[in-house]
Amino acid sequence: MKKTTSIYPELPQWYRYAFIITTAMLLFSGLGQMPLYKRYFIADVPGFSWTGDYFFLNHLHYFSAALMAFLIPVGFFKNYFRSYIENNESRPAAYAFIIMFAAFFAADIAKIIAAGYGAGYPREMIFTISLMNILLTFLFVITVPLLWASKKILITVEAKEGNTDSSGKYGAPQ
Amino acid sequence: MDISRREFFKNTATKTGAGIAAMMVPAVLKGASQNELATMIDLRKCIGCESCVYACQESNQSKYPQPQKPFPKMYPEKVKVSDWSDKRDVTERLTPYNWLYIQRAQVEHNGEMTEVSIPRRCMHCQNPPCAHLCPFGAAHKENNGITTIDPELCFGGAKCSAVCPWNIPQRQTGVGPYLSVAPALAGNGVMYKCDRCFDKISEGRMPACIEACPVGAQTIGPRDEIVARAKKMADEENLYLYGLDENGGTNTIYVSAVPFDKLNQAIEKGPGKPHLAKTEDTMARTDVLAGALLTAPFAGAVASVTGFYRQIKKYFGEKK
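Taken in order, these protein sequences are the chains called A and B. First residue of the first sequence: 96, per the working numbering; consecutive thereafter. First residue of the second sequence: 3, per the working numbering; consecutive thereafter.
Structural data, given as structure tokens:
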């Protein structure tokens, strides 16, 4: 028997909003680290001059990164471990998502440490970290909206015997 | 600099490989504990002869940009081109072809008119915002306190110049890796500034400007020694210092008999002509936020483990 399960089964509403807003802030301020907003004159649009303030964007990036660093372990422990214990089911896509996000985030932190405090570190190392950071960001930017935007962010898992979920708590059964 | 697309990707792959290898090298082997070098410029001695300027140009000739012309079209079309290739002999400001210039100030001090000549170049900050905020790590602070920009990595976005309190780095269009990627859409050349003759220093030689100075206005040495000497001179001879605390501390200390606020008022300021005003530590807030960022995952983990423990307890309590 097959059932479908959302990869975000038990995330409370506040967590979802916090996650989406923080991710948006992280990506927007992250893209601003490459001077895109000045290059494309977005900073000249009335009301958007702040997008040309590199220090503000940098502070926003670090602040949203700190928020995300707080949210990730909360979401991981609170939701995935609990659903695993209660329902004895693993969600490969959820773990893939977490691993991808953790890699993206680790590259972000590594970049901050290497660029800011990496005096004497080989430039190649900082370049590699920067490149990983940018590539993972783009990967994230491409993948996550697909997951979030579609209501079909459902993965099909083989339901284990005695573990059918008719309550709809973990996603709409097909 | 003429870099083909293949060369750019080859360089990128090589650098990435070297980077991964470098990550495995312990910090001790990288010489992370080496002392930073600083220079002291005694403005009482400087006669403004520009020997340092020409020595710098001669010594760094091979590092200067050789742009490809015509420049690729950039979009949006109003993106400005920065071309100094036909003005290589400009010495009255900083340009991609002139990394050091003499700023002049006529000031009245203690009832006397004095002319002060001030050699200006990169201050080599201790906590350089250009290196912190460069998106590709092209600007980088070395172990010995020198901040350099790698022309093979720089895309010329000029962010380093915008975040530098003195707007030191200068851009040349038509050169660098952006030409091999998407010149119409991203990048605009390479940023150039004083690299304090890092190649000479690595061979145990003096930077060209210091070597060429006929009056010995500049000295170089370990930062703690230079700072101690500058402070002692300032105390004993009632002199003024600049660069010690500016932007959180720099590796260039100016010593002057005239207060720097007077000099700042007297000098010509503008593009390529940096000020001498008091400068706050531009990276101070970032450092605080970086600290918060590094502690946030632990705070999140503690909060969630506590919550998780409560949930488990409740769950098993309900089951019983």
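Don't be surprised by glycine CBs; every beta carbon is placed ideally from N, CA and C.
(request) Would you mind listing the alpha helix (DSSP H) stretches within the stretch 39-111 of chain B that are 4+ residues and don't spill past its ends, in chain order? (result) Segments of the alpha helix (DSSP H) lying fully in the stretch 39-111 of chain B: 53-61.
(request) Take B/L135 and list the residues in its own chain whose beta-carbon comes closer than 7 Å to its own, dropping the five residues that flank it on each side. (result) Only K161 and V165 meet the Cβ criterion.
(request) Drop a sphere of 10 angstroms on the beta-carbon of B/A184, count the other beta-carbons inside from all chains shown, and report buried for 16 or more, exposed for fewer. (result) Under this definition B/A184 is an exposed residue.
(request) Run through the stretch 255-318 of chain B for me and flag every whole alpha helix (DSSP H) of 4 or more residues, listed as ranges in chain order. (result) Entirely contained in the stretch 255-318 of chain B, the alpha helix (DSSP H) runs reaching 4 residues are, in chain order, 262-268.
(request) Closer than 6 Å by C-beta to A/K133: which residues in its own chain qualify, once you throw out the five before and the five after it? Chain order, please. (result) Short of 6 Å from the beta carbon of A/K133, and not among the five residues preceding or following it, lie these beta carbons of its own chain, in chain order: G147.
(request) For the stretch 195-206 of chain B and the stretch 55-73 of chain B, state whether three or more C-beta atom pairs, one from each stretch, are separated by less than 8 Å. (result) They touch, by the three-pair rule.
(message) Ignoring anything shorter than 4 residues, give me the alpha helix (DSSP H) runs that lie fully in the stretch 170-235 of chain B, in order along the chain.
(response) Counting whole runs of 4 or more residues, the stretch 170-235 of chain B contains the alpha helix (DSSP H) stretches 180-183, 200-204 and 210-214.
(request) Under 9 Å between beta-carbons, which chain B residues line up against A/V140? List them in chain order, please. (result) The premise fails here: A/V140 is roughly 13 Å from chain B at the closest Cβ pair, so nothing lies under 9 Å.
(request) Check whether the stretch 151-158 of chain A touches the stretch 272-292 of chain B, counting contact only when three or more Cβ pairs, one atom from each stretch, lie closer than 8 Å. (result) Result yes; three or more Cβ-Cβ pairs closer than 8 Å.
(request) Scan the stretch 276-291 of chain B for residues whose Cβ lies nearer than 8 Å to a Cβ of chain A and list them as they occur along the chain. (result) Answer set for the stretch 276-291 of chain B: T284, M285, R287, T288, D289 and L291.
(request) Would you kindly work out how many angstroms separate the C-alpha atoms of A/M163 and A/I204, rounded to a whole number? (result) In this model, A/M163 and A/I204 are separated by some 11 Å (Cα to Cα).
(request) Count the C-beta pairs between the stretch 73-92 of chain B and the stretch 247-265 of chain B that are closer than 8 Å, then say yes if the count reaches three, no if not. (result) Too few Cβ pairs lie closer than 8 Å, so no.
(request) Kindly indicate which residue of B/L45, B/Q172 and B/F157 has the alpha-carbon position closest to the one of B/V118. (result) From the listed residues B/L45, B/Q172 and B/F157, the smallest Cα separation to B/V118 is found for B/L45.
(message) Considering Cα atoms alone, identify which of B/D237, B/A214 and B/C132 is closest to B/A140.
(response) Among B/D237, B/A214 and B/C132, the Cα nearest to that of B/A140 belongs to B/C132.
(request) Grab me the residues of B/K47's own chain with a C-beta within less than 7 Å of its C-beta, minus the 5 sequence neighbours each way, in chain order. (result) Residues V217, G218 and A219 of the same chain have their beta carbon placed closer than 7 Å to that of B/K47, with the five preceding and five following residues left out of the count.
(message) Using 8 Å as the threshold, is the C-beta distance between B/C156 and B/M125 below it?
(response) Their beta carbons are not under 8 Å apart, which means B/C156 does not touch B/M125 by this criterion.
(message) Below 8 Å on the Cβ atoms is my contact criterion, and I expect B/P67 with B/Q172 to pass it. Report the Cβ-Cβ distance as a whole number of Å.
(response) Incorrect: roughly 10 Å between the Cβ atoms, too far for contact.
(message) Judging by CA-CA distance, which residue of B/E248, B/E270 and B/E239 is the nearest neighbour of B/V260?
(response) Nearest of B/E248, B/E270 and B/E239 to B/V260, Cα basis: B/E239.
(message) Let me check one thing: in DSSP terms, what residues is B/I151 bridge-paired to?
(response) Partner(s): B/A141.
(request) Measure the Cβ-Cβ separation of B/W86 and B/N62 and say whether it is below 8 Å. (result) The answer is no: Cβ separation not under 8 Å.
(message) Is A/M278 close to chain B? Criterion is C-beta to C-beta, closer than 8 Å.
(response) Nothing in the structure corresponds to residue 278 of chain A, since chain A is present only between 96 and 269.
(message) With a threshold of 8 Å between beta-carbons, can B/S84 be considered close to chain A, or not?
(response) By the rule that beta-carbons nearer than 8 Å mark a contact, B/S84 does not touch chain A.
(message) To the nearest angstrom, how far is the alpha carbon of A/Y216 from that of B/T281?
(response) Cα to Cα, A/Y216 sits roughly 27 Å from B/T281.
(request) Output yes if chain A places a C-beta closer than 8 Å to the C-beta of B/K161; else output no. (result) Residue-level contact check: B/K161 touches chain A, since one or more beta carbons of chain A fall below 8 Å from its beta carbon.
(message) Less than 8 Å between C-beta atoms, sequence neighbours within five positions excluded: which residues of the same chain meet that for A/L131?
(response) Short of 8 Å from the beta carbon of A/L131, and not among the five residues preceding or following it, lie these beta carbons of its own chain, in chain order: I137.
(request) List the endpoints of the continuous alpha helix (DSSP H) containing B/R122. (result) Unbroken run through B/R122 is the beta strand (DSSP E), E114 to R122; no alpha helix (DSSP H).
(message) Let's test the definition: count the other Cβ atoms within 10 Å of the Cβ of B/F300 and tell me whether it reaches 16, buried, or not, exposed.
(response) So B/F300 ends up on the exposed side.
(message) Less than 7 Å between C-beta atoms, sequence neighbours within five positions excluded: which residues of the same chain meet that for B/D247?
(response) Answer for B/D247: no residue qualifies.
(message) Taking the straight line between their C-alpha atoms, what separation do you get for B/G50 and A/L122?
(response) Rounded to whole angstroms, B/G50 to A/L122 spans 49 Å at the Cα level.
(request) Output yes or no for whether 8 Å exceeds the beta carbon distance between B/A39 and B/G147. (result) Checking the sequence, you will find Leu at residue 39 of chain B rather than Ala. Yes, the pair counts as a contact, with Cβ atoms nearer than the cut-off.
(request) Check the Cβ-Cβ distances between B/K315 and every residue of chain A, and say whether any is below 8 Å. (result) Using beta-carbon distances, B/K315 does not count as an interface residue toward chain A, since no partner is under 8 Å.
(request) Please determine, among B/D237, B/E144 and B/Y256, the residue with the shortest C-alpha to C-alpha distance to B/S204. (result) Checking every option, the nearest Cα to that of B/S204 belongs to B/E144.
(message) Going by DSSP, what residue range makes up the alpha helix (DSSP H) through A/Y157?
(response) DSSP places A/Y157 inside the alpha helix (DSSP H), whose first and last residues are Y149 to G170.
(message) Which residue wins for smallest C-alpha separation from B/A303, given the options A/A119, A/A161 and A/M120?
(response) Residue A/A161 is the option with its Cα nearest to B/A303.
(request) Compute the distance between the beta-carbons of A/A202 and A/L231, then report whether it is under 8 Å. (result) Result yes, Cβ atoms of A/A202 and A/L231 sit closer than 8 Å.
(request) Give the residues of chain B in contact with A/L122, contact being defined as C-beta atoms less than 9 Å apart. (result) Chain B residues near A/L122: none, gap ~14 Å exceeds 9 Å.
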